[in-house]
Amino acid sequence: MRKILIPFVFILLILTTQCKKKEESEPVRPENNTEMVNRVFSLAQKQYKTLIRKIDTIKPLRQPRSLQKDGSLKMVIKEDWTSGFFPGSLWYIYEYTKDNYWKKKAEMFTEALDSAQFVTSNHDVGFMIQNSFGNGYRLTGNKKYKQAVIEAARSLSTRYRPIAGIIQSWDGDSPWLKERGWDMPVIIDNMMNLNLLYKASKHTGDTSFANKANNHGRTTIKNHYRKDYSCYHVVDYDHLTGKVRSKVNYQGYADNSSWARGQAWGLYGFTEIYRETGNKEFLNQAIHIAEYIINNKKIPADRIPYWDYDAPDIPNAPRDASAAAITASALIELSGFSPEKEEKMLAYAIETLKELSSEDYLAKEGENGGFLLKHSVGNYHENNETDTPLNYADYYFLEALLRWKNIK
Numbered sequence: 001m002r003k004i005l006i007p008f009v010f011i012l013l014i015l016t017t018q019c020k021k022k023e024e025s026e027p028v029r030p031e032n033n034t035e036m037v038n039r040v041f042s043l044a045q046k047q048y049k050t051l052i053r054k055i056d057t058i059k060p061l062r063q064p065r066s067l068q069k070d071g072s073l074k075m076v077i078k079e080d081w082t083s084g085f086f087p088g089s090l091w092y093i094y095e096y097t098k099d100n101y102w103k104k105k106a107e108m109f110t111e112a113l114d115s116a117q118f119v120t121s122n123h124d125v126g127f128m129i130q131n132s133f134g135n136g137y138r139l140t141g142n143k144k145y146k147q148a149v150i151e152a153a154r155s156l157s158t159r160y161r162p163i164a165g166i167i168q169s170w171d172g173d174s175p176w177l178k179e180r181g182w183d184m185p186v187i188i189d190n191m192m193n194l195n196l197l198y199k200a201s202k203h204t205g206d207t208s209f210a211n212k213a214n215n216h217g218r219t220t221i222k223n224h225y226r227k228d229y230s231c232y233h234v235v236d237y238d239h240l241t242g243k244v245r246s247k248v249n250y251q252g253y254a255d256n257s258s259w260a261r262g263q264a265w266g267l268y269g270f271t272e273i274y275r276e277t278g279n280k281e282f283l284n285q286a287i288h289i290a291e292y293i294i295n296n297k298k299i300p301a302d303r304i305p306y307w308d309y310d311a312p313d314i315p316n317a318p319r320d321a322s323a324a325a326i327t328a329s330a331l332i333e334l335s336g337f338s339p340e341k342e343e344k345m346l347a348y349a350i351e352t353l354k355e356l357s358s359e360d361y362l363a364k365e366g367e368n369g370g371f372l373l374k375h376s377v378g379n380y381h382e383n384n385e386t387d388t389p390l391n392y393a394d395y396y397f398l399e400a401l402l403r404w405k406n407i408k
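Residue numbers (this note's numbering): 1 to 408.
What follows is the structure, encoded as structure tokens:
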């Protein structure tokens, strides 16, 4: 019996070893585009169901923004500038899945922002309403959502200052602005809210909304950008003369540095207003900004920038996945407007998305508080949301994946 058993075990060991060698020698098939998008949206559904279970019993309903330092959810009221991103992400998941569960949740979190359309105290009403009600109208045709976009555009228009041709971002009479000596400040983030005005012009036929947006875009080109197409965060204007008083990087490392998310906001904003206007002046600006980012040697090889390109503690400075996601989404759209640059822009965007979809930046199921992306930076100087998930990082990441999926 023993003589028979020993050869049998020996043969089994040989076969097992050969199978292992075969498995090791066979190359792993790389994940294709469709598989990657499917994987991320599958995870998004699981993670966001976790988030919803945590918060949809809270009354009044609030929006998840990030995580506190103790790991608990950071929730925000409807007037917070980030309040529209979570419902916007729910709309993107619905758009991808066509599952009515996500439609109902998107409607619930969108309609919790109902009065945000009347906010006139800052420029962020565009983020609040266009990402939530705007996406809702695009996907459902709900006329209430369309009216919310129009009302929000009216609110934003109250901040237009003809003397400078800009939409004022923050009110100069607030205490914290007075401490900085600002009079009529405009931040590069404001480029992201102009789309609200263009949509309102289309919905109503009132071209005054679009004219204000056009003027703001032109003034931003003139005053926010340096010769290399990097930008300042804040340009402060005199409310009596409309002249520039100062140019600073409030959220960047220094006034002459490149704050990563600011570069992404500008790229996305000028791409968006070219789409709405067909004005080559805006297209050229977007292409120049894209080239500044794509060719920038200060951005790491994996294309996920440090929170500021010029942060003093590079390579140990925090990365900003939110800036990478915004950039990728913008480049995918911009590539369709610039055929001669299309291949280079798409390659950069796709490599960025692959990196964001890797274990280095994409959360595992049940982790990261329910959010998707790790390693983003909100306001570094205030040690506020540094190396943490952010709802707008997820929003632009999902948007970029949908845009990539829909490329013909």
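C-beta: ideal position from N, C-alpha, C; glycine also.
> Over what stretch of residues does the beta strand (DSSP E) that includes valine 248 continue unbroken?
Replying inline: In the DSSP annotation of this structure, the continuous segment of the beta strand (DSSP E) that includes valine 248 starts and ends at 244-248.
>> Need the endpoints of the beta strand (DSSP E) that tyrosine 309 sits in, please.
In response: In the DSSP assignment, tyrosine 309 falls outside any beta strand (DSSP E) and carries neither an H nor an E.
>> Out of Phe397, Ala311, Glu151, Leu331, which one is the CA nearest neighbour of arginine 275?
In response: The shortest C-alpha separation from arginine 275 is found at Leu331.
>> Rounding to the nearest angstrom, what Cα-Cα distance links aspartate 70 and aspartate 189 in this structure?
In response: C-alpha separation (whole angstroms): 29 Å.
>> My output table needs one value for glycine 336: the three-state DSSP class, helix, strand or coil.
In response: Of the three classes helix, strand and coil, the one that applies to glycine 336 here is coil, per DSSP.
> alpha helix (DSSP H) containing isoleucine 221: first to last residue?
Replying inline: DSSP places isoleucine 221 inside the alpha helix (DSSP H), whose first and last residues are 207-224.
>> Give me the residue from Leu177, Leu196, Glu107 with the minimum Cα distance to serine 155.
In response: For serine 155, the nearest C-alpha among the options comes from Leu196.
> Excluding five sequence neighbours on each side, which residues of the same chain lie with their C-beta closer than 7 Å to the C-beta of leucine 139?
Replying inline: In its chain, beyond the 5 residues on either side, Trp91, Tyr94, Glu95 have a beta carbon closer than 7 Å to the beta carbon of leucine 139.
>> Give me, in chain order, the residues of the same chain whose beta-carbon lies closer than 7 Å to that of lysine 105; leave out the 5 immediate sequence neighbours on both sides.
In response: Spatial neighbours of lysine 105 in its own chain (CB-CB distance under 7 Å, excluding positions within 5 residues in sequence) are listed in chain order as Ile52, Leu90.
> Are the region 106-125 and the region 144-158 touching, with three or more C-beta to C-beta distances below 8 Å?
Replying inline: At 8 Å Cβ cutoff, the stretches touch.
> Hey, out of Tyr268, Gly252, Ile407, Arg226, whose CA is closest to glutamate 382's CA?
Replying inline: Selected option, being the one with the closest Cα: Gly252.
>> Suppose the cutoff is 7 Å on Cβ atoms and the five residues either side in sequence are ignored; what does the same chain contact list for phenylalanine 133 look like?
In response: Excluding residues within five positions, the ones whose Cβ falls inside 7 Å are Thr110, Tyr145, Ala148, Val149.
>> Residues in the same chain with beta-carbon distance under 6 Å from valine 186, minus the five sequence neighbours each way, listed in chain order, please.
In response: Within the same chain, valine 186 has close Cβ partners Ile166, Ser169, Val235.
>> Looking at the strands, I want to know which residues DSSP matches up with serine 376.
In response: Its beta-bridge partners are Thr388.
> CB-CB under 7 Å to glycine 269, same chain, minus the five flanking residues each way: which ones, in chain order?
Replying inline: Spatial neighbours of glycine 269 in its own chain (CB-CB distance under 7 Å, excluding positions within 5 residues in sequence) are listed in chain order as Met191, Met192, Leu194.
> Who are the near neighbours of proline 312 in its chain, counting only those whose CB is closer than 8 Å to its CB and skipping five residues on each side?
Replying inline: Take proline 312, set aside five residues on each side of it, and the residues of its chain with a beta-carbon closer than 8 Å to its own are Tyr253, in chain order.
> Any chance the region 278-296 sits against the region 330-346, with 3 or more Cβ pairs inside 8 Å?
Replying inline: Because the criterion of three Cβ pairs below 8 Å is met, the region 278-296 and the region 330-346 touch.
>> Closer than 8 Å is the cut-off here; do at least three beta carbon pairs connect the region 174-181 with the region 214-223?
In response: The region 174-181, when compared against the region 214-223, does not touch it at the 8 Å Cβ threshold.
> Between histidine 233 and alanine 321, which are expected to be in contact by the criterion C-beta below 8 Å, what is the C-beta distance as a whole number of angstroms?
Replying inline: For histidine 233 against alanine 321, the beta-carbon gap comes to about 19 Å, at or over 8 Å, which does not count as contact.
> Is it true that the CB of lysine 59 sits closer than 7 Å to the CB of arginine 65?
Replying inline: No. Outside cutoff.
> With C-beta atoms as the reference, is proline 389 less than 7 Å away from leucine 67?
Replying inline: In this structure, leucine 67 lies closer than 7 Å to proline 389 by Cβ.
> How is proline 175 classed by DSSP in three states: helix, strand or coil?
Replying inline: Looking at proline 175 - three-state DSSP - the assignment turns out to be helix.
> Any idea which residues DSSP pairs tyrosine 237 with across the strands?
Replying inline: Met184, Val244.
> Can you name, in chain order, every residue of its own chain whose Cβ lies under 8 Å from the Cβ of isoleucine 287, other than the five neighbours on each side?
Replying inline: Around isoleucine 287: Leu334, Ser338, Lys341.
> Between the Cα of glutamate 107 and the Cα atoms of Asn142, Glu351, Lys202, Lys227, which residue gives the shortest distance?
Replying inline: Among Asn142, Glu351, Lys202, Lys227, the Cα nearest to that of glutamate 107 belongs to Asn142.
>> By the three-class DSSP mapping on this structure, what secondary structure does glutamine 63 have?
In response: If DSSP states are grouped into helix, strand and coil, glutamine 63 belongs with the strands.
> Hey, how far is the Cα of phenylalanine 209 from the Cα of aspartate 114?
Replying inline: Spanning the two alpha carbons is a distance of roughly 21 Å.
> What do you reckon, are the CB atoms on alanine 325 and alanine 393 nearer than 7 Å?
Replying inline: In this structure, alanine 325 places its C-beta atom within 7 Å of the C-beta atom of alanine 393.
> Just how far apart, CA to CA, sit glycine 370 and asparagine 33?
Replying inline: About 24 Å.
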